[in-house]
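Okay, structure first, notes after.
There are 2 protein chains.
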Amino acid sequence: MAIKGKAVVAQSGGPTAVINASAAGVIETALANDSTFSAIYGADNGILGVLKEELFDLGKEDPRQINLLRRSPSAALGSCRYKLKDFDKNKADYERILEVFRAHDIRFFFYIGGNDSMDTADKVSRLARQTGYEMVVMGVPKTIDNDLAYTDHCPGYGSVAKFTAVSAMEAGRDTEALYTADTATVMEVMGRNAGWIAASAGLARRQEQDAPHLIYLPEAAFSVENFIRDVKACLKAYRRCFIVAGEGLRDGQGRHIAEVGGSFAQDAFGHKQLGGAGQALRQIVEQQVGVKCRYNNAGTAQRTAMHFASATDVAEAYMVGSAAVSAAMKGVTDKMVTLVREGQNGDYRSTTGLAALSDVANGEKPVPREFINAAGNGVTQAFLDYARPLIAGRAELEMGPDGLPLYTRFERHFVEKKTGKEYKS
Amino acid sequence: MAIKGKAVVAQSGGPTAVINASAAGVIETALANDSTFSAIYGADNGILGVLKEELFDLGKEDPRQINLLRRSPSAALGSCRYKLKDFDKNKADYERILEVFRAHDIRFFFYIGGNDSMDTADKVSRLARQTGYEMVVMGVPKTIDNDLAYTDHCPGYGSVAKFTAVSAMEAGRDTEALYTADTATVMEVMGRNAGWIAASAGLARRQEQDAPHLIYLPEAAFSVENFIRDVKACLKAYRRCFIVAGEGLRDGQGRHIAEVGGSFAQDAFGHKQLGGAGQALRQIVEQQVGVKCRYNNAGTAQRTAMHFASATDVAEAYMVGSAAVSAAMKGVTDKMVTLVREGQNGDYRSTTGLAALSDVANGEKPVPREFINAAGNGVTQAFLDYARPLIAGRAELEMGPDGLPLYTRFERHFVEKKTGKEYKS
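Just so you know, the protein sequences line up as chains X and G, in that order. For the first sequence, the working numbering gives the first residue as 1, with consecutive numbering after it. For the second sequence, the working numbering gives the first residue as 1001, with consecutive numbering after it.
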């Protein structure tokens, strides 16, 4: 006997170009199955919206805005970075979540996020079971960092990879044209301790002379000495050097490169400022190699670059959202939808699978050694074969009359609070 | 009696998304008029290529590569930042340029660049006249900074404006979704002492709550005190703050903001490092307002962002290149082609005009006061009306099978050197 009732969908962590496409998959599939889902609420700013009982009725939003989610970056439901209390020491946060769900008769929880979110979802579900509250909890994967285990890749990665590659290609042409003045460029990219985004810049390099010439991933211990040698060799070969650096670069002792590379800095107040990995590399190039070095860091604009997103990524993001709802309707719970690769390069296809929330919560997937070249300064053909299909196709945009894209913003019809309690973190 | 003979085309200064479209306009129009132009050579890396006698025959390139220039960013002929000797004190560089032109019977020089380039072109032409060498010298405007006088706007500006606006819009949605963690964002943009690019971010703001909330241009003296007040007011109104900063921000005494804003820094070698304007603002927000602040700086990727260039800009860039050749065929010389705006917003059209090279060389066009709001922290409707037509339309791309665009790279069939001399700078 399948459960029926209201559903909550929430988005968590850093925005991506396609986390809204996943939300669209959840929302549209739930709205189309109203015999199971009596309502679908959005949690305002992720799990914080549940804790604060700030839920809004997505059935009251303009369906065109929901459809536009597929072509809108960032997190239209709102997101958060909120550290819940430790489940084993203090269940209060999880009990509060369940209290809100009970009060509103929420029977489905769709949580779009990374492994911390899957951990939260898993614990909420466990507590529900323990207290005899029947509900279904499903995870939908999301992270530009691409470091979730049990899934071939993560929605969000294909788009940041496509934007990173085109930016490296374009800025690389800049360095090529102006090598007599701007001889080197360091492009810093996101990814925290994982080098998947840095690696994706390698997709831009069709010929040996093309940027990026050097790519450094956090998975390979960074050596200042080797770096200087690499840059000098590159300048000798091509008269210019385009370098991509993952933000989380560390040396063999695990120290962040900004601590090692001579980019300690003190501000006017005497505070020690740790520059980014790219800033550290730039300083090394300028001071120890002796050529001018540019520094590019798109920052948050890289993860929300819908204007050059991957059509494949958008389609897959929608698919995992929709699949989570379909699985929930069959009574599946405590699972995250995964992406499963089928076929080889030429005929890449993907389908969905399922992984236990608790497994995903405790896993992580760094860039494997076989995707990094022997010198630790570039990627291998195996990586390119893995990543190439993920950036295929240009995602559609809905352009406004002003020459810029139109992106969803919800009206947020909040539902009346029912617990009679304020959440205190 | 019109001149006939060989032509040289050169690109100068910082690359843009459309300087190649201007080159295409020059090259294709010259190749189509071979009764006037017996050959068209590209100078390798701008004026340096002329000085070093490194010229390649564009008639030997694949016409598809020339056509692809319209859809290729950066400077396919190569560019340079090279300071010529002072004409009034030492004519050697100009004499060398003329020596190379004479040796190859070059009768046309098309120079695509900013006001320094127009100055160079003007002096070469003056020297040619003085020495009785008959030739035509035409300038083609180019600068993302949009600060050339005598032209309504500059090719290159519409595209950097479009990319800047979409990046502000997308990263602004990021700040909006994640304001509980990433409350403020500073986006630093190029433009040197001109605020045209910073201003263009204002195109992203359709509603008051939209990013960017605050825009600071070098034309308005920056006050740290007012800035802190602005940011606090913005946080109160919207719970988040998205700030755009022109790289050349200065205070009322003309000091760069990095010197004023507390972002002095010392590296490991004790060198004083002047951070960027955006870094300075970020430090002020974090230390003096007390909220987390992100820093985005696309760097050279902003000026070469062909993947989201303006179709209007590409068409105009081609048009000015082509118009320079048409004018040259009519015997016009010592002029830069300008863009002339016709019609109002709704029915924007542009045509070309002509301005004396010497006038352009000595002019500059900062953002006028009426384009900046009274508080000095945003743009006016008058600016938006000026800029909106320039970003209209998405430029075409030629996509490769690998999901990334195809960009021109020339084979460079160098012509035999004839002066028998090496250039020494």
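Quick reminder that beta carbons are idealized off the backbone N, C-alpha and C, glycines included. Every value quoted in this text rests on a predicted model; they were computed, and no experiment measured them.
Identify whether C234/X lies in helix, strand or coil by the three-state DSSP scheme. Here residue 234/X refers to the residue found at position 234 when the first sequence is read from its first residue. If DSSP states are grouped into helix, strand and coil, C234/X belongs with the helices.
According to the Cβ coordinates, are G252/X and A221/X closer than 9 Å? Position 252 of the first sequence, counted from the first residue, corresponds to residue 252/X. Position 221 of the first sequence, counted from the first residue, corresponds to residue 221/X. In contact: G252/X and A221/X (Cβ atoms closer than 9 Å).
Rounded to whole angstroms, what is the Cα-Cα separation between I150/X and E219/X? Translated into the one-based positions of the first sequence, residue 150/X becomes position 150. Translated into the one-based positions of the first sequence, residue 219/X becomes position 219. First, the amino acid is wrong: residue 150/X is Tyr here, not Ile. If I take the Cα positions, the gap works out to 19 Å.
Check each candidate in N1067/G, V1008/G and I1027/G and name the one with the smallest Cα separation from N1045/G. Residue numbering aside, residue 1045/G sits at position 45 when the second sequence is read from its first letter. Taking the Cα of N1045/G as reference, the smallest distance to any Cα among N1067/G, V1008/G and I1027/G is reached at V1008/G.
Does chain G have any CB closer than 9 Å to the CB of E176/X? The residue given as residue 176/X occupies position 176 in the first sequence. Answer yes: the Cβ-Cβ gap between E176/X and chain G drops below 9 Å somewhere.
State the DSSP-derived secondary structure class of G78/X, mapped to helix, strand or coil. Here residue 78/X refers to the residue found at position 78 when the first sequence is read from its first residue. G78/X falls in the coil class under three-state DSSP.
Within 9 Å of chain G by C-beta, residues of the region 61 to 88 of chain X in sequence order: S72, P73, S74, A75, A76, L77, G78, S79, C80, R81 and Y82
Applying the 10 Å Cβ sphere with the 16-neighbour rule, what's the burial state of S1035/G? Taking the second sequence and counting its residues from 1, one reaches residue 1035/G at position 35. Label assigned to S1035/G: exposed.
Own chain, CB closer than 6 Å to G376/X, minus 5 neighbours either side, in chain order: The count along the first sequence starts at 1 and reaches residue 376/X at position 376. For G376/X, where only same-chain residues beyond five positions count, the Cβ hits under 6 Å are A220.
Under 8 Å by beta carbon: chain G residues contacting Y111/X: Residue mapping note: residue 111/X aligns to position 111 of the first sequence, counting from 1. The contacting residues do not exist; Y111/X stays about 16 Å from chain G at best.
E342/X - partner residues in DSSP beta bridges: By 1-based counting over the first sequence, the position of residue 342/X is 342. Paired residue(s): R349/X.
Taking only three categories from DSSP, how would you classify K417/X? One-based indexing of the first sequence puts residue 417/X at position 417. Reduced to three states, the DSSP call for K417/X is coil.
Below 8 Å CB to CB, which residues in the same chain sit around P1015/G once its five sequence neighbours on both sides are set aside? Translated into the one-based positions of the second sequence, residue 1015/G becomes position 15. If you ignore the 5 residues before and after P1015/G, its C-beta comes within less than 8 Å of the C-beta of P1073, S1074, A1075, S1079, T1300, R1303 and T1304, all in its own chain and listed in chain order.
For a cutoff of 9 Å on Cβ pairs, would you count D1402/G as touching chain X? As a first step, residue 1402/G must be located in the second sequence, where it is residue number 402. Closer than 9 Å to some Cβ of chain X, the Cβ of D1402/G qualifies, so yes.
CB contact below 9 Å: V1166/G versus chain X: In the second sequence, residue 1166/G corresponds to position 166, counting from 1. It does; some Cβ of chain X falls within 9 Å.
Taking C-beta pairs closer than 9 Å, name the residues in chain X that L1203/G reaches, listed in chain order. Counting from 1 along the second sequence, the entry for residue 1203/G is found at position 203. Ordered by position in chain X, the residues that pass the 9 Å Cβ test against L1203/G are D402, G403 and L404.
Less than 6 Å between C-beta atoms, sequence neighbours within five positions excluded: which residues of the same chain meet that for Y1407/G? Taking the first residue of the second sequence as position 1, residue 1407/G is located at position 407. Correct list, in chain order: S1072.
For L1133/G, the three-state DSSP class (helix, strand or coil): Your numbering for residue 1133/G matches position 133 in the second sequence. Sequence inspection shows Tyr at residue 1133/G; the Leu mentioned does not correspond to that position. The answer is coil: DSSP assigns Y1133/G none of H, G, I, E or B.
From what residue to what residue does the beta strand (DSSP E) around N1296/G run? Mapped onto the second sequence, residue 1296/G falls at position 296. That run of the beta strand (DSSP E) goes C1293 to N1296.
Can you tell me where the beta strand (DSSP E) holding T1380/G begins and where it ends? Numbered from 1 along the second sequence, position 380 holds the residue referred to as residue 1380/G. Premise fails: T1380/G is in no beta strand (DSSP E) and is neither H nor E.
Can you give, in chain order, each stretch of the beta strand (DSSP E) that sits fully within the region 192 to 220 of chain X and has at least 3 residues? 214 to 216
In angstroms, rounded to a whole number, what distance separates the CA positions of V415/X and A1392/G? As a first step, residue 415/X must be located in the first sequence, where it is residue number 415. As a first step, residue 1392/G must be located in the second sequence, where it is residue number 392. Taking the straight line from one Cα to the other gives about 41 Å.
Should V1260/G be labelled buried (16 or more other beta-carbon atoms within 10 Å of its own) or exposed? Within the second sequence, the letter at position 260 stands for residue 1260/G. It is buried - the Cβ of V1260/G has at least 16 other Cβ atoms within 10 Å.
Considering only the alpha carbon of each residue, which of A1328/G, H1307/G and G1343/G lies closest to M1399/G? Residue 1399/G sits at position 399 when you count from the first residue of the second sequence. When each option's Cα is compared against that of M1399/G, the closest is H1307/G.
Going along the chain, which residues of its own chain have a beta-carbon closer than 6 Å to the beta-carbon of S1117/G, five neighbours each way excluded? For this step, residue 1117/G is matched to residue 117 along the second sequence. If we look at S1117/G and ignore the five residues flanking it on each side, its Cβ neighbours are S1012 and Y1111.
Within chain X, partners of Y1318/G - CB distance below 7 Å: Residue numbering aside, residue 1318/G sits at position 318 when the second sequence is read from its first letter. Neighbours of Y1318/G on chain X: none; closest Cβ ~19 Å, over 7 Å.
Min CB distance D267/X to chain G below 9 Å: Taking the first sequence and counting its residues from 1, one reaches residue 267/X at position 267. Any reading at D267/X needs caution, since the residue's pLDDT is 44, under 50, leaving its predicted position unreliable; the model's value is listed next. At a cut-off of 9 Å between beta carbons, D267/X contacts chain G.
Three or more beta-carbon pairs under 8 Å between the region 1342 to 1358 of chain G and the region 1051 to 1070 of chain G, yes or no? no
Listing by chain order, which chain X residues have their CB less than 8 Å from the CB of P1015/G? Counting from one through the second sequence, the residue named residue 1015/G turns up at place 15. Within 8 Å Cβ-Cβ: R173, D174, A177 and L178.
Contact list for G1156/G against chain X, beta-carbon separation under 7 Å: To locate residue 1156/G, count along the second sequence from 1; it is residue 156. Result: empty, since nearest Cβ-Cβ is about 13 Å, beyond 7 Å.
Under 9 Å, Cβ to Cβ, is there at least one residue of chain X near M1336/G? Here residue 1336/G corresponds to residue number 336 of the second sequence, with the count starting at 1. So no, M1336/G is outside the interface.
Compute the Euclidean distance between the alpha carbons of R250/X and C1241/G, then round it to the nearest angstrom. Taking the first residue of the first sequence as 1, we reach residue 250/X at position 250. Taking the first residue of the second sequence as 1, we reach residue 1241/G at position 241. In a straight line, the C-alpha of R250/X is about 32 Å away from that of C1241/G.
Helix, strand or coil for D145/X, going by three-state DSSP, please let me know. Mapped onto the first sequence, residue 145/X falls at position 145. In this structure, D145/X counts as coil in the three-state DSSP scheme.
Using a Cβ-Cβ distance under 9 Å, would Q11/X count as near chain G? Sequence index remark: in the first sequence, residue 11/X carries index 11 (1-based). Answer yes: the Cβ-Cβ gap between Q11/X and chain G drops below 9 Å somewhere.
Taking the C-alpha atoms as reference points, what is the distance between D385/X and L1084/G? Mapped onto the first sequence, residue 385/X falls at position 385. Mapped onto the second sequence, residue 1084/G falls at position 84. One C-alpha to the other measures close to 48 Å.
What's the call for G420/X, buried or exposed, on a 16-neighbour Cβ count within 10 Å? If you number the first sequence from 1, residue 420/X lands on position 420. Label assigned to G420/X: exposed.
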